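See below for the structure under consideration.
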Amino acid sequence: MPQRADTYPKMLNDVVRYVLLFLLAFLLFGLILLIFGKDPIQSYKDIFTSTLGSTYGFSEVIVAMIPMLITALAVALPWRVGLINIGGEGQLYIGAAFATWGALTFQNLPAWILLPLMMLLGMLGGALWAFIPGYLKAIGLVNETIITLLLNSVAPLIVGFLIFGFWHSPMDTIKTANFVPAALLPNFFDTRIHLGLVFGLVLLALFWFVMKYTRWGLEMRAIGGNPQAARRSGIPLKGYLIIVMCIGGAIAGLAGMAQVSGFYGVLLLNFSMGLGYMGFLISWLAGGQPLGILLMSFVIAIIITGGNLLQLTRDLPYAAINILLAITLFAVLARPIVFEREKA
Amino acid sequence: MMSTSKSNDSQSAKEPLITLRGITKSFPGVIANDHVDLDIYGGEVHALLGENGAGKSVLMKILYGFYHADAGQILLNGSPISIQSPHDARNVGIGMVFQDLNLIPVFSIAENIALFLPDLKTVLNQKEIDRRIIEISERYNLKVDPHTLVSQISIGEQQKVEILKLLLSDARLLILDEPTRVLAPHEVEALFGVLDNLRRDGYAIILITHKMKEVLECSDRISVLRSGRVAGTMLRAGASEDKLVALMFEKALAGLEINPKDGTDKALEPLLELRDVETHGEGIGTGLKGIGLKIYPGEIVGVAGVSGNGQKELCDVVLGMELCTKGQKLLYGKDLTNHSIQTMRKNGVAFIPENPLSMASVPFMTVLENMALTNTWRYARQGGFSMDWKAVKADVEETEKRLGFDVTLYALAKSLSGGNLQRMVILREMIHTPRLIIASYLTRGLDVKSAIAARQALVQARESGVGIMLISEDLDELFTLSDRLIVLYNGKIVGEFKPEETDIYEVGHLMTGHEVQHAAKS
Chain H
823 MPQRADTYPK
833 MLNDVVRYVL
843 LFLLAFLLFG
853 LILLIFGKDP
863 IQSYKDIFTS
873 TLGSTYGFSE
883 VIVAMIPMLI
893 TALAVALPWR
903 VGLINIGGEG
913 QLYIGAAFAT
923 WGALTFQNLP
933 AWILLPLMML
943 LGMLGGALWA
953 FIPGYLKAIG
963 LVNETIITLL
973 LNSVAPLIVG
983 FLIFGFWHSP
993 MDTIKTANFV
1003 PAALLPNFFD
1013 TRIHLGLVFG
1023 LVLLALFWFV
1033 MKYTRWGLEM
1043 RAIGGNPQAA
1053 RRSGIPLKGY
1063 LIIVMCIGGA
1073 IAGLAGMAQV
1083 SGFYGVLLLN
1093 FSMGLGYMGF
1103 LISWLAGGQP
1113 LGILLMSFVI
1123 AIIITGGNLL
1133 QLTRDLPYAA
1143 INILLAITLF
1153 AVLARPIVFE
1163 REKA
Chain L
46 MMSTSKSNDS
56 QSAKEPLITL
66 RGITKSFPGV
76 IANDHVDLDI
86 YGGEVHALLG
96 ENGAGKSVLM
106 KILYGFYHAD
116 AGQILLNGSP
126 ISIQSPHDAR
136 NVGIGMVFQD
146 LNLIPVFSIA
156 ENIALFLPDL
166 KTVLNQKEID
176 RRIIEISERY
186 NLKVDPHTLV
196 SQISIGEQQK
206 VEILKLLLSD
216 ARLLILDEPT
226 RVLAPHEVEA
236 LFGVLDNLRR
246 DGYAIILITH
256 KMKEVLECSD
266 RISVLRSGRV
276 AGTMLRAGAS
286 EDKLVALMFE
296 KALAGLEINP
306 KDGTDKALEP
316 LLELRDVETH
326 GEGIGTGLKG
336 IGLKIYPGEI
346 VGVAGVSGNG
356 QKELCDVVLG
366 MELCTKGQKL
376 LYGKDLTNHS
386 IQTMRKNGVA
396 FIPENPLSMA
406 SVPFMTVLEN
416 MALTNTWRYA
426 RQGGFSMDWK
436 AVKADVEETE
446 KRLGFDVTLY
456 ALAKSLSGGN
466 LQRMVILREM
476 IHTPRLIIAS
486 YLTRGLDVKS
496 AIAARQALVQ
506 ARESGVGIML
516 ISEDLDELFT
526 LSDRLIVLYN
536 GKIVGEFKPE
546 ETDIYEVGHL
556 MTGHEVQHAA
566 KS
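Protein chains in written order, with the working numbering: chain H, 823 to 1166; chain L, 46 to 567.
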């Protein structure tokens, strides 16, 4: 296969490019730190020691990575059939709400029944939420991008309504009562890393396998590559659009379930703060490639955890870390050309 | 502008207008042009002939600034120039008419032309533009009404507008990429008349084409490209079809072998029957009106018509891509009206669309993967968890042997030239001996050799009892291959003949909507 020979330098090229892009972003952020009157070198040292420099720090990075890894997959899968799912945020909320309903209603079930049930509920919630844009897209009525985006602001309101109206704990109006232990995902190695990591990794492997080896992967890639040709080849386009969108939603819903059951242990008002959008960003940066998603979610997790720490130790406003993220995003999207490439 | 081109006339005999020297261009794995030298003189029609992938299009795209040559020089009137973009090309008077015409349908002819003018003022002087259009169009017999919307004129007229566009923008070299492909016979004659006039006024014209007859009819000199090199250049006077074929291919070709047609056995049940089928015309599409059509096993039904008269809709209705709003579609007597495409395909319907790039291939997949797309269920193993690529490969290879042409399996589809893509699609659709083949513009973009192979494949299929609907604008092709001919005009069947009952001119007139009453005799 001739194209195999080309992949190696291309990959090297990509790696060098991304490393340079991140360096550029860090350089720019260093300038902003200077403007804030902070010592950039010291700050970067802090970020490093607080993330990769210690076991605890590393585990916190993984914890932050889990939901973003999963929501990135919720974007990457529909992307393969050409659907742009910005709705990870909303699907995550609805998934979390469904899972919470399970946790609150079936408190007496043992963990080995309750947890799978919550997972299924979370996925069902996300899938239902994604069915709306998926169906409307398939019948050719409206663009899925707009609808998923708009539904993102609806979902947290529904969760708020459920919490305020029905589920809030006696002491608190903005969250439910703590989940019973059976409704909590188990943690690993005495850290806050929870079973959600396994969900993410299994889904990632599954995504890679399905796309590369199965009939459905082939058909989905065909739809993404040329919907008209796929349709004329007898591949059921509408069915795929709806089902893949729902699966994407289900994945985001699972992220929501993992977040409430593994991280918070409670359903909190506005708990996500952009995890779904972060997933979109990661998937975009990674070009929808499984390995890239893993790497990118890790890198973004480092930035976010490091940023939280800067906020504490260096007294930086939280917004500062958003600036770093924004600069990163800008650097990658602008894609300054590092090496001249042959335009064929 | 006219005066400059006229004064060139006298020099043109001595010095070429454009000279290509040692043009070399390679793409990963392919050398598209290998040290090509070519002289184009003012006042000549220079035909560029060659097999698919011989490098004609790439060479012209280099000249027009789409690609950059790896090596070599372009000289204008003897001095080297650098053409980095189509914009540069237009600045030095090189213009190109593409196969797929590039007009904006909702604009009027004048607006389309104005957009292209190099000296377009900020405030349009509509009258001045109209005057120039009318002046030039009358001079070259390219009469158009500047105020008509492009969406309302025929393909042939659109082509005229494209040529006008170039003339008004002071082009002196016109590159026409397969201009006759979309034209009816009498329109082709008109086009050649226009080229004649242009040649007389000193314009240089490069004509890219596959059609040998046209080359001999209208060009002054003929250059043949083979595998990226110039295999030879000859004057028309010294050229013959045999000589050109010998230059294009190393060995002479076997012609198309068609066994004498035996009368189709009408006692058999039709494979496909359309009963009074109607569709909505979507957008600029033409809705079908009252289509009644039967296709029997072992016959080729040719569908003649100028493109855009319902051919696409007819194919799509049979395939199941478009829904019937009225009427019935029966396959082997079973009512399959508005069933899914997958059902139709599983029932043995194969489809070779008019545009393999947009309608039948996924660019970022390999050819092998593309081959499996219409039959994913057949190659899926373990309930879909894996694909049997060996079986796909074996099937493709077997079909390659049967049809007598082949494709590279592991290249990405987007790296294939138009003709190779068409071959890929033809191969794919023939893999599982279909029962009904819908072939739309089967030989479009194919060179002579592949075109013969593709037609041979259809004839082979017919002999084994397959029913075929062949849509084409190449009337010669239709008359040679078809057992029956129907003519589509404006979404209706306006004539049905046996090829021996009629001639090209009668069909040509029906295609363009003349004398419908007179000729609709059967």
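We put the beta carbon where it would ideally sit given N, CA and C, even for glycine. Bear in mind that the values here come from a model prediction, so they are computed numbers and not experimental data.
Per-residue contacts from residue i into chain H (C-beta, under 8 Å)
{"i": "G429 of chain L", "result": "T1036, R1037, W1038"}
{"i": "M366 of chain L", "result": "R1053, R1054"}
{"i": "R390 of chain L", "result": "S1055, G1056"}
{"i": "P398 of chain L", "result": "R1054"}
Listed by chain order, chain L residues near residue i by CB distance under 7 Å
{"i": "Q1050 of chain H", "result": "S403, M404"}
Residue i, DSSP secondary structure in three states
{"i": "E60 of chain L", "result": "coil"}
{"i": "K166 of chain L", "result": "coil"}
{"i": "M1191 of chain H", "result": "As displayed, chain H neither begins before 823 nor continues past 1166, which places residue 1191 of chain H out of reach and without an answer."}
{"i": "Y112 of chain L", "result": "coil"}
{"i": "M293 of chain L", "result": "helix"}
{"i": "S124 of chain L", "result": "strand"}
{"i": "V552 of chain L", "result": "helix"}
{"i": "S385 of chain L", "result": "coil"}
{"i": "T893 of chain H", "result": "helix"}
{"i": "T1081 of chain H", "result": "Residue 1081 of chain H is actually Gln in this sequence, not Thr. It is helical."}
{"i": "D836 of chain H", "result": "helix"}
{"i": "V841 of chain H", "result": "helix"}
{"i": "V1088 of chain H", "result": "coil"}
Residues near residue i in its chain [Cβ-Cβ closer than 8 Å; skip 5 each side]
{"i": "K242 of chain L", "result": "Note that residue 242 of chain L corresponds to Asn in the displayed sequence, not to Lys. These residues qualify, in order along the chain: R184, Y185, N186."}
{"i": "V1066 of chain H", "result": "L899, P900, R902, V903, L905, G956, M1042"}
{"i": "V275 of chain L", "result": "V81, D82, L83, S268, V269"}
{"i": "L62 of chain L", "result": "N53, I85, Y86, G87, L121, N122, R217, L218, A249"}
{"i": "L1151 of chain H", "result": "L1103, L1107"}
{"i": "I1057 of chain H", "result": "E1041, A1044, I1045"}
Residue i: first and last residue of the uninterrupted beta strand (DSSP E) it sits in
{"i": "I483 of chain L", "result": "481-485"}
{"i": "I513 of chain L", "result": "512-517"}
{"i": "H80 of chain L", "result": "75-85"}
{"i": "I220 of chain L", "result": "218-222"}
{"i": "R274 of chain L", "result": "274-280"}
{"i": "A405 of chain L", "result": "No beta strand (DSSP E) contains A405 of chain L, which DSSP labels as neither H nor E."}
Contacts that residue i makes with chain H (C-beta to C-beta distance below 9 Å)
{"i": "L418 of chain L", "result": "L1040, E1041, A1044, A1051, A1052, S1055, G1056, I1057"}
{"i": "M432 of chain L", "result": "Y1035, T1036, R1037, G1039, L1040"}
Partner residues on chain H for residue i, Cβ-Cβ distance less than 7 Å
{"i": "I386 of chain L", "result": "R1053, R1054, G1056"}
{"i": "R500 of chain L", "result": "Going along chain H, no residue has its Cβ under 7 Å from R500 of chain L, so there is no contact; the nearest lies around 22 Å."}
{"i": "A425 of chain L", "result": "R1037"}
{"i": "E358 of chain L", "result": "Per Cβ cutoff of 7 Å: no residues; E358 of chain L is ~14 Å from chain H at best."}
Beta-carbon gap between residue i and residue j smaller than 8 Å
{"i": "L914 of chain H", "j": "T893 of chain H", "result": "yes"}
{"i": "V470 of chain L", "j": "L454 of chain L", "result": "no"}
{"i": "A787 of chain H", "j": "S1083 of chain H", "result": "With chain H running from 823 to 1166 in the structure shown, residue 787 of chain H is simply not present."}
{"i": "V493 of chain L", "j": "H255 of chain L", "result": "yes"}
{"i": "G1128 of chain H", "j": "I869 of chain H", "result": "yes"}
{"i": "K106 of chain L", "j": "L93 of chain L", "result": "no"}
Boundaries (first-last residue) of the alpha helix (DSSP H) holding residue i
{"i": "R266 of chain L", "result": "R266 of chain L -> not in any alpha helix (DSSP H); beta strand (DSSP E) instead, spanning 266-271."}
{"i": "H477 of chain L", "result": "Run containing H477 of chain L: none; DSSP gives neither H nor E here."}
{"i": "F524 of chain L", "result": "520-526"}
{"i": "L1026 of chain H", "result": "1018-1035"}
Proximal residues to residue i (C-beta, below 7 Å), its chain only, five neighbours per side dropped
{"i": "R468 of chain L", "result": "F450, V452, S495"}
{"i": "P978 of chain H", "result": "Y915, N1092"}
{"i": "R226 of chain L", "result": "Q144, R489"}
{"i": "L895 of chain H", "result": "L1025, L1026, F1029, I1073, I1115"}
{"i": "A159 of chain L", "result": "L165, L169, I174"}
{"i": "K334 of chain L", "result": "E323, G536, K537"}
Sequence-distant residues of its chain with Cβ nearer than 6 Å to residue i (five each side left out)
{"i": "I1126 of chain H", "result": "A886"}
{"i": "L338 of chain L", "result": "L319"}
{"i": "M1118 of chain H", "result": "I1104, L1107, A1108"}
{"i": "E474 of chain L", "result": "A395, I397"}
{"i": "T547 of chain L", "result": "none"}
{"i": "T193 of chain L", "result": "I154"}
Partner residues on chain L for residue i, Cβ-Cβ distance less than 8 Å
{"i": "G1047 of chain H", "result": "V407, P408, F409, M410"}
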